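These notes are about the structure you will find just below.
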Amino acid sequence: MVQTKSKRDAVASDTAGGGGGISLGKGAWDCDRNVEIPPEAEAEVFEEIATMDLPFEGIPTIPPRRDMDHMAFFCEGCRYRVTAYPDWTAAKVKQALWDGGIQRSNKPASKRNTPGLQRWEDLTLMYACQRMDNDKQLREYHVPPGCGCLIAIETAKLFTKPPPDSAYWN
Numbered sequence: 022m023v024q025t026k027s028k029r030d031a032v033a034s035d036t037a038g039g040g041g042g043i044s045l046g047k048g049a050w051d052c053d054r055n056v057e058i059p060p061e062a063e064a065e066v067f068e069e070i071a072t073m074d075l076p077f078e079g080i081p082t083i084p085p086r087r088d089m090d091h092m093a094f095f096c097e098g099c100r101y102r103v104t105a106y107p108d109w110t111a112a113k114v115k116q117a118l119w120d121g122g123i124q125r126s127n128k129p130a131s132k133r134n135t136p137g138l139q140r141w142e143d144l145t146l147m148y149a150c151q152r153m154d155n156d157k158q159l160r161e162y163h164v165p166p167g168c169g170c171l172i173a174i175e176t177a178k179l180f181t182k183p184p185p186d187s188a189y190w191n
């Protein structure tokens, strides 16, 4: 694993490729800096390294998060890290995600059955299965500081049926 002096160094490394395609279940993106987070630095950046600080029956565990300034959103199989706070409105967070490059999650036009993300208003944010209204603060949905399990999804996908040959129908 890559050891860095700070999380900022981890996301700003020269090893980050940044513009390649995203495959499901892989990849992370720093929206504050608009750069890829290299796979070898993800565990450190997202505070997922087990330690013996709070062991369970002698087994290392992931300690409580310390980074309360960033939240993580999953979109199209990629994690997007962005500065966000519970007192921000959903619209403000969407704009921060958009400015940070979340539109890179769009599939090529020939491979999608929705219009794709064209502007920040095309995003829907979700937490605990609740869709967030643009004018409401994240705290109204009980989103904790530093939350790492939020969803950002293209709004059209919530209202578009999958194609007839999709595995969805199996």
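Using this note's numbering, the letters of the sequence shown map in sequence onto residues 22 to 191.
Beta carbons are placed, not taken as given, at the ideal position from N, Cα and C, and that holds for glycine.
Keep in mind it's a predicted model, so treat the numbers as computed, not measured.
- Under the 10 Å beta carbon count, R140 is surrounded by fewer than 16 other beta carbons and is classified as exposed.
- In this structure, the beta-carbon distance from T145 to T181 does not fall below 8 angstroms.
- The alpha-carbon of P185 is positioned some 25 angstroms away from that of I172.
- For P183 and D53, the gap between their C-alpha atoms comes out near 33 angstroms.
- Ranked by Cα distance from Y101, the options K113, N155, A111, W119 are led by W119.
- Looking only at A71, D108, D74, L75, the smallest Cα-Cα distance to M89 is reached by D108.
- Under the DSSP definition of a beta bridge, F180 lacks any partner.
- By the neighbour-count criterion, in which a residue is buried when 16 or more other Cβ atoms sit within 10 angstroms of its Cβ, P59 is buried.
- DSSP places R54 outside both helix and strand once states are collapsed to three, so it counts as coil.
- DSSP places D74 inside the beta strand (DSSP E), whose first and last residues are 72-77.
- Assigned with DSSP and collapsed to three states, A93 falls in strand.
- Secondary structure of P60 (DSSP, three-state): helix.
- Here C150 is exposed. Its C-beta has fewer than 16 other C-beta atoms within 10 Å.
- Take T82, set aside five residues on each side of it, and the residues of its chain with a beta-carbon closer than 7 angstroms to its own are A71, L75, P76, in chain order.
- For I83, DSSP records no beta bridge to any residue.
- Comparing alpha-carbon positions, the option among S126, E65, Y162, Y106 lying closest to L138 turns out to be S126.
- L179 and M92 have their C-alpha atoms roughly 22 angstroms apart.
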